[in-house]
């Protein structure tokens, strides 16, 4: 073996939080290359457009020491097809809370069924990110709550713009 | 990067089940080398001695196509110290059920605290192994229940010997 | 006693999956007669119309050996009223995952409160269906994922029609 | 210390149930003053208007022995800001089921982050209210199910009016 | 069909509680005959001997209106073998709490594997018994706590004898 | 009202961790007086004797600013009897993880049944203590793992003594 291992880290990233950032860093310590894959997810009615989400992620990771081992892309359609096209054999997911667990397993099992070559692995973010989600960050920001320290500075700014009265 | 990635798969393996076997195969598709690390765990009062557990695991994997990428060893003391000594930067754990989840997280967080260089990742066994554990296999075997298909043939034989009336 | 026991198996069946089929077969081994009760559920905005869901279920079970012991009907209003009208004293529900559990209990307790003559029982599908739901099947089918083996052949065809580009 | 302790009990109260009533009584045994804080929550599309919810709560508690230690108010914006303005240093939440648990914790952690002076505490309702929620009461009432004993009499009447055919 | 349906309700019954009694009554409304099967379980180190547990159950149900449709027996060995010998095709289990859930599923799946003719069904006790277990009753009784209303009167007396100082 | 509110914080404290310390501080912000109640629990076979646990807790809190509002005592028998004797009307428990949840509820409901005047409330420790328990601290210390920062300095020393080879 010892060939390059490519992993995909999929999500909606609406917006990217420091919990996502932490997971990207952990994944980079295990895999040679990481593709952050932003799902379009129009059904979820995201707060930010796909373009905004793409550029927020790119800016947030621009100063990473291993920036060259990360790609940021959007995808639509089946995740396993996207992963296969990119030569990835691993899907990375963060596990924070019990309530994530069963949905994540259901998804991972369906993906395994759709493509048996690709394995899903779960990483645990730093504990200070266990209870941070894009949803709760948006709820706080909406009413003027201070979310600095929970999201990268560029995202904090974007949230302020969105919710400016 | 592209240097060799070594992972440790720790457990009591009292005895090894087909669920463990499945997880070993999955880990081998992601990592270059895998060390199956059998904990002594005298506090758990295992059914099989450490020597029996070691030889059962070795025999069960003897015919694997990538047998040369697997090591089987016992350890006592801190798992992270063992992993560090072996040059491993990943600990692999199987996640089957919600009830495993929080204990696994507690353990992984403590291990992270004891050695920040080592990352724990979670893999999902094939769904047919979700509800198989060493404990339930032993309970069934104890009363003469047929456990073929749940454990490797050599383990099935050993269980029969242990529980022979 | 030894009088006929009638059970109701309610759901949205949007669409019926092989997990539902498995549960119907298990219920038939316990009860004399089974009524598959398809809820209208306009609030859930089902993918298939009530008529489509009815005919998909009927076709899927048409070749069952005990077809004559099954009725397929739609209902609106209170489930316990429907059950009482049909002479059923048992409601059958499938339990797959922990996340179903509390909602199912809440529902069963409310139904018990509304009619104390009717008991809800929970059956466990075959483990290969634990992680299959109508929702995840629709998500996969939507992007062209292969769902054969997860739903009856007639449903697979219907899904393909719905999501034809 | 021995200064007055003020607690806030926030919710949507759409509508208030006997489970809420039970919790209000328990909170009054611990705290000197309790503010029932009804969130506007337009995003949740409540069945009853804010005014209706306010007057239903007020009427439901009008005959309480310690009525003078309770205030009923509506709020929008950040809950911790509302609490701080009212001089409250405790937020009271009811915990009924495991499924509430993680969302409640996420919320409590976010609130703690937004204002470290305010502590969230969890109370357990009487067990007969564990499986009653505003949602399930509305579902039953919608189809003409009898919900007396689950909500105060004035709310029962209001539900009947809303769902009158 | 319409032949007699026999169900087995297995447990340690150390001691029988009013929660068990409630479940027996519910099972009798669904099945023609019920066998209460008391497991020896020496590994669990029960407080009461098998003989004491048998006679406590028998006395507790002696005045039931459908007493003639209940048998009380002890068993050792595999539950499915016991059930098959008794002509039972259903195993009844009570589900109270999420924490029971996964262990119960694991057990039910193992039993299904050992004998595919026998189906496990889950019933929900009355909600006032959701949080009562033999274990917590014994803990309270041990320190002189009043457990009347939680166990049948004959069991209350036996507990008092056991824990008499 | 505005009379003094006394709360009891019961546990085994084998040994006290920084998670317990954090909870004591939070409870002191809500209640006028707090009694840390150390259960004997011989059945749990604690690592430290009751005397050792008592003196470790006392030393750990000796420098608290509100030390005079805390009492440290041991108890055996029923917790609610102890609380009533001390004039406490609140029992404080920490909730960290979903797995604590149901057992805590069962206990709280039993205590409520034994004495309806006493209310159990749940507090959430700081998130950095969510995954720390006395058990996992002892497991790490046993093999020489560094537990500084997880327990007070005096406890760290005591652990080192206990596990000195």
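Residue numbers (this note's numbering), protein chains in the order written: chain A, 1 to 165; chain B, 166 to 330; chain C, 331 to 495; chain D, 496 to 660; chain E, 661 to 825; chain F, 826 to 990. All C-beta atoms in this analysis are idealised placements derived from N, C-alpha and C, irrespective of residue type, glycine included. Remember, it's a predicted structure, so these values are computed and weren't measured experimentally.
Closer than 8 Å to the CB of residue 988 of chain F there is not a single CB belonging to chain D. Not one beta carbon of chain C lies nearer than 8 Å to the beta carbon of residue 533 of chain D. At least one CB atom of chain F sits nearer than 8 Å to the CB of residue 793 of chain E.
Contact residues of the stretch 601–621 of chain D toward chain F are 603, 604, 614, 615, 616, 617, 618, 619 (C-beta to C-beta distance below 7 Å). Taken in chain order, the whole alpha helix (DSSP H) runs of length 4 or more contained in the stretch 396–458 of chain C are 409–415, 428–444. Each of D:645, D:524, D:589 was checked against the Cα of residue 440 of chain C, and the nearest Cα belongs to D:645. If the five residues before and after residue 814 of chain E are omitted, its C-beta is found closer than 8 Å to the C-beta atoms of 716, 719, 720, all from its own chain and listed in chain order. Under the Cβ criterion of 8 Å, residue 841 of chain F is not counted among the residues facing chain B. The stretch 118–137 of chain A makes contact with the stretch 943–952 of chain F, as at least three CB pairs between them are under 8 Å. Each residue's CA atom was taken as its position, placing residue 207 of chain B and residue 927 of chain F some 30 Å apart. Under the 8 Å criterion on CB atoms, residue 708 of chain E is classed as non-interfacial with respect to chain F.
When C-beta atoms of the stretch 244–256 of chain B are compared with those of the stretch 193–203 of chain B, three or more pairs fall below 8 Å, so the two segments count as touching.
For residue 810 of chain E, the nearest beta carbon of chain C is not closer than 8 Å to its own beta carbon.
In the three-state reduction of the DSSP assignment, residue 813 of chain E falls in the helix class, which pools H, G and I. Under the three-pair Cβ rule at 8 Å, the stretch 557–575 of chain D does not count as touching the stretch 87–97 of chain A.
Under DSSP, residue 501 of chain D takes part in a beta bridge, and its partners are D:528. Chain order gives the chain D residues near residue 854 of chain F as 584, 614, where near means a beta carbon separation below 8 Å.
Cβ-Cβ separation between residue 370 of chain C and residue 380 of chain C: approximately 6 Å, consistent with a contact (criterion under 8 Å). Between residue 311 of chain B and residue 17 of chain A, the alpha-carbon positions lie close to 50 Å from each other.
Here DSSP, grouped into helix, strand and coil, assigns residue 640 of chain D to coil. Note on geometry: alpha-carbon atoms of residue 772 of chain E and residue 782 of chain E lie some 14 Å from one another. With respect to residue 855 of chain F, residue 614 of chain D sits close: the two C-beta atoms are nearer than 8 Å. Nearest CB-CB separation between residue 102 of chain A and chain C: below the 8 Å threshold. Within the DSSP bridge table, the entry for residue 533 of chain D names D:506, D:569 as partners. Apart from the 5 residues on each side of it in sequence, residue 708 of chain E sits with its Cβ closer than 8 Å to the Cβ of 674, 675, 716, 818, 822 in its chain, given in chain order. In this structure, the straight-line span from the alpha carbon of residue 736 of chain E to that of residue 272 of chain B is close to 36 Å. Annotation: residue 354 of chain C to residue 337 of chain C spans about 11 Å, alpha carbon to alpha carbon.
Residue 660 of chain D and residue 631 of chain D have their C-alpha atoms some 19 Å from each other.
If you draw a straight line from the Cα of residue 851 of chain F to the Cα of residue 757 of chain E, it is about 30 Å long.
Within the same chain, and ignoring the five residues on either side of residue 966 of chain F in sequence, the residues whose Cβ sits closer than 7 Å to its Cβ are 972, 984, 988.
Looking from the CA of residue 712 of chain E, the closest CA among E:681, E:723, E:672 belongs to E:672.
Excluding the 5 residues flanking it on each side, residue 279 of chain B has same chain C-beta neighbours closer than 7 Å at 243, 245, in chain order.
Nearest Cα to residue 681 of chain E within the set E:704, E:746, E:724, E:798: E:724.
Scanning chain A for C-beta atoms nearer than 8 Å to the C-beta of residue 476 of chain C yields 114, reported in chain order.
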